[in-house]
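One structure below.
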Amino acid sequence: MADHPVRDTINLVSGAWWGTNPHDDLTWMRANAPLYWDGQVWGVSRYADVKAVSKDPDTFSNAQGIRPDSGPMPMMIDMDDPAHFQRRKLVNRGFTPKRVRDREAEIRAVCDQIIDRVAERGECDFVWDIAAPLPLIMIGNDLGVAPEDRQQLLEWSDAMLCALTGDPEHVARAAGAFGGYSDYATKVIADRKSSPRDDLMSVLCHAEVDGDQLDHQELIFESLLILIGGDETTRHVISGGGWQVLHHRDQWEQMVADPSLVTGAVEEMLRWVTPIKNMARAATVDTELGGQHIEAGQKLLLLYPSANRDEAVFEDPFRFDIHRSPNDHVAFGFGTHFCLGNSLARLELRVMFEQLLTRLPDLELVEAEEPSYRAANFVSGYESMPVRFTPTATVG
Ligand code: HEM
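Under my numbering, the first residue of the sequence shown carries the number -11, and numbering increases by one thereafter.
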């Protein structure tokens, strides 16, 4: 087994480690122990190795679950091809390029409503007033959740995501949340089966590929994956990316003058924030990687934030630069499980920043210090970020 004379105490599954800045340790790993054994799981820190593992699902399987310390759930992310591919084709009916493109006007209207709620105040919490509502409203609309039930959806999503960190206390809370979500979704599914509407749940209820359809349990779990995959992730990129562009004021001003820069800025925000900190794979056979022997059955953690700061790929990787090109980050993963919601997330991010730059051009940070991160080992981001701006009229 690997011997790490300098840093032998890194716990890759510790929420506290991820919640404080892990980049010093990740940089050390890339240089000294690119395959790092922490006693429980292998950390894969280099960009090339993260891609190599993601490209080889025969050797590195998802079927043991994407968390290092718990087993699989019946959803596509915890499956291998061909079963995964079949399931993904069905769910993909809701994520066609046209369906995503057609939502731009809706997203812009939602962003305007969100900004309207704070516009006259001249100050707000960027995390809870700006970043969190957009993905929650979009996913709520997709899954047929009534506006008055969105807060409940947020609580269920939070409880279930926390459970994926393996903490037994969270697991109990998540069981209740799963029951609540499942009952709610069951009613929506029954309704959309008999009277489809123009929402994702209707598309999923009626999607058919080669005579195959999603059954009730599959509808519950795949919609749940969309909820936990698309809510907090997008929130953290809006807030973490927002902090960077407001902190690097010259870059914010450049975008105010030329909003076409937002598209590139969004890619840099994704690279920088990388809200999904890792995904696990399990070796199906004994194999070699990065000079280490991996035993069949051992799990590996793809350390996306590390890959996205790999100096072998990104020039000056610790510089935040909205002009970075190329910017071939792996914030959405790589290979057969590449994020199904990436186009929707990119659209939400672009439109939100376009509206902020136009409507609140003098937006600024209240505190110079970077906000603290949630201590979580899977999806993590800021918990609060006070901002201020010149009060402005609503448009709604
Ligand atoms: C900034 C926002 C997002 C980030 C950073 C992100 C990141 C990721 C990552 C890293 C994966 C795993 C890829 C791999 O294993 O190679 C993934 C998978 C997935 N994501 Fe996202 N995601 C985001 C938003 C969304 C949204 C908005 C949705 C849906 C509305 C979504 C739905 C999914 C689904 C369904 C999968 C599983 C795909 C599969 O197993 O084939 N994600 N995402």
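Glycine included, each C-beta is placed from N, C-alpha and C at the ideal position.
Separation of residue j from residue i, as counted between CA atoms
i      : j      : result
Asp13  : Glu342 : 35 Å
Met64  : Met148 : 17 Å
Val29  : His311 : 36 Å
Asp187 : Leu348 : 31 Å
Val318 : Asp117 : 28 Å
Arg259 : Arg223 : 15 Å
Phe209 : Gly132 : 15 Å
Ile282 : Gln242 : 48 Å
Thr346 : Val244 : 7 Å
Gly7   : Ser360 : 8 Å
Glu94  : Ala284 : 48 Å
Leu385 : Gly230 : Outside the shown range of the chain, which is -11 to 384, sits residue 385, and nothing can be said about it.
Leu202 : Gly31  : 35 Å
Thr153 : Ala364 : 7 Å
Glu355 : Glu108 : 21 Å
Lys86  : Phe73  : 21 Å
Asp385 : Phe308 : Nothing in the structure corresponds to residue 385, since the chain is present only between -11 and 384.
Ala268 : Asp350 : 42 Å
Asp246 : Asp179 : 45 Å
Closest residue to residue i among the options (Cα-Cα distance)
i      : options                        : result
Pro56  : Asn330, Lys287, Pro305         : Lys287
Met189 : Val383, Thr174, His317         : Thr174
Gln140 : Lys181, Tyr172, Phe114         : Tyr172
Gly279 : Ala4, Thr(-3), Val1, Asn20     : Asn20
Ala51  : Val88, Asp130, Asp69, Pro247   : Asp69
Trp16  : Trp6, Thr8, Arg34, Gly7        : Arg34
Val375 : Val32, Met61, Val106           : Val106
Lys77  : Ala4, Thr47, Asp198            : Asp198
Gly82  : Ala268, Ala270, Leu332         : Leu332
Leu122 : Trp144, Glu92, Cys150          : Glu92
His236 : Gly128, Leu353, Ala178         : Leu353
Ala295 : Gly3, Ala36, Trp5              : Ala36
Cys327 : Val273, Pro263, Thr382, Pro314 : Pro263
Residue(s) in a DSSP beta bridge with residue i
i      : result
Ile216 : DSSP output for Ile216 lists no bridge partner at all.
Cys112 : Val375
Asp390 : Summary: the structure shown does not reach residue 390, with the chain confined to residues -11 through 384, and so no result is reported for it.
Lys287 : Ala270
Glu276 : His281
Asp200 : Val197
Val32  : Leu23, Leu290
Ile310 : In DSSP, Ile310 forms no bridge with anything.
Phe385 : The first residue shown for the chain is -11 and the last is 384, placing residue 385 beyond what the model contains.
Ile387 : Outside the shown range of the chain, which is -11 to 384, sits residue 387, and nothing can be said about it.
Ile264 : Val367
Cβ pair residue i, residue j closer than 8 Å
i      : j      : result
Leu277 : Leu0   : no
Gly323 : Ser49  : no
Tyr370 : Ser227 : yes
Thr221 : Val367 : yes
Leu234 : Trp240 : yes
Asp90  : Gly384 : no
Asp66  : Gly53  : yes
Val225 : Met257 : yes
Gly110 : Thr275 : no
The ligand FAD heavy atom lying under 7 Å from the CB of residue i
i     : result
Met61 : The ligand FAD is not part of the structure shown, which contains the ligand HEM as its ligands.
Alpha helix (DSSP H) runs wholly inside the region 349 to 376, at least 4 long, in chain order: none
Which runs of the alpha helix (DSSP H), 4 residues or longer, sit entirely within the region 111 to 142? 121 to 130
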